[in-house]
Structures are given as C-alpha cells and as structure tokens.
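S.K.:
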Amino acid sequence: MYEVVAESPYFLECNNIVISDPHKGLQYLRKTDCAVREVEVLRALRLCASSLEPVAFRVPRVKKEFFQDDVFPPTRVTWEPALSAAEWLNGKDKQQRTINLCPADMTPVSQAPKEAPSKKFVPSSVYLQEKTDEQKKEELLNAMVAKLGNRDDPLPQDAFEGVDEDEWD
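Using our numbering, you'd call the opening residue of the sequence shown number 50 and step up by one each time.
1) Quick check: Val158 and Asp118, are their CB atoms within less than 8 Å of each other?
2) Classify Val108 as helix, strand or coil using the three-state DSSP reduction.
3) When the distance is taken between beta carbons, is Pro103 closer than 8 Å to Arg110?
4) How about Val126 and Ile148: do their beta carbons lie closer than 8 Å?
5) When you compare each of Glu183, Phe60 and Ala131 to Gln144 by their alpha carbons, which one comes out closest?
6) Checking the sheet assignment: what are the DSSP bridge partners for Ile148?
7) Do Phe106 and Cys151 have their CB atoms nearer than 8 Å?
8) Relative to the C-alpha of Ser100, which residue among Trp128, Lys168 and Asp70 is closest?
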C-alpha cells in the first residue's frame with residue numbers, strides 16, 4: 050500500500066503485508082468497519098483453508114489523537130440506494146449520500162492547533178560570528194600555547210647522557 054504525496058518521491062510505502070500461507074479469497078469490508086482511531090484505511094477478511102482471518106491496512110501517523118481527515122474524506126454510503134427503481138426508470142440522477150467518519154470526540158487533524166516550530170540546526174559559523182575580536186584573539190593564543198607546550202618542561206636533549214663535565218676541559 051502506498052501513500053501519494055505532492056513532493057518527490059511522490060509514492061511512500063505505508064506498510065506491506067507478508068502472508069506465509071495461501072488463501073482462497075479476500076473480502077473487503079465497508080469503510081465504516083475500519084478503526085479510524087488507529088488510522089486503519091482498509092479492513093478485509095481472508096479466507097484460508099481452515100480459518101477466516103481479519104487483515105488490517107493502516108497508515109502510519111504521528112498524531113493519532115486527531116482524526117486524520119486527509120486520509121478519511123467523506124465516504125459514500127454504498128449500502129443505501131441513491132434512487133428507487135422507479136426514479137431510475139424515469140431518468141432521474143442523484144448523488145449518493147456521504148457520511149463523515151470522524152468520531153464525535155475527535156478533532157480533525159486539519160483543525161488541530163499548530164505546534165511551534167522546533168529550533169532548526171544552527172551551523173557553527175553563527176556561533177563564531179557572535180564572538181568578539183578579543184575572544185577570538187584569546188582562543189587563538191590558547192590554541193598556539195597548547196600546540197607549543199609548556200616552556201618550563203625540560204627539553205628532550207637535557208635527558209640525554211653525554212660526557213662528564215670534567216671531560217670538557
């Protein structure tokens with residue numbers, strides 16, 4: 050199952066169903082039988098050799114506490130006729146009735162309060178620009194001293210054994 054989006058890559062895989070044993074048939078249920086609170090967009094019954102198993106197709110969503118009206122538009126009432134047989138024979142045409150699947154205690158995600166945008170990544174160059182020239186000079190001097198080492202440390206050649214002092218005469 051894929052979700053179609055406006056930006057590239059345009060098709061996002063929602064989920065896949067892996068079924069290990071063969072089935073004899075699949076019957077899709079009405080949209081009203083779906084668990085909209087779990088963002089279940091399709092429910093089916095799978096007929097196997099010795100059992101009848103429910104299969105659920107769900108769309109991943111972060112804010113499940115809101116009704117996903119982008120996934121569940123008004124749904125046609127296919128189990129009720131739009132016209133009677135007599136009306137149809139007389140040439141009438143009428144749209145099927147639709148219902149909203151939003152439960153009374155849920156707010157549609159399109160009406161949900163907008164969250165404050167989270168702070169984006171700030172490159173280190175921004176922090177460097179905020180430093181004064183004096184701070185930059187101090188950091189540079191500290192880095193140079195750290196590279197040069199401590200001047201009070203003995204030099205490596207001082208540790209070498211050489212000739213005795215009296216041999217210099």
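Idealized CB from N, CA, C, for every residue including glycine.
M.R.: Taking the coordinates as given:
1) For Val158 and Asp118, yes; Cβs fall inside 8 Å.
2) Correct three-state label for Val108: coil.
3) No, the pair does not count as a contact, with Cβ atoms beyond the cut-off.
4) Remark: C-beta atoms of Val126 and Ile148 approach each other more closely than 8 Å.
5) Among Glu183, Phe60 and Ala131, the Cα nearest to that of Gln144 belongs to Ala131.
6) Partner(s): Thr124.
7) At a Cβ-Cβ threshold of 8 Å, Phe106 and Cys151 do not count as neighbours.
8) Between Ser100 and the set Trp128, Lys168 and Asp70, the nearest pair of CA atoms involves Asp70.
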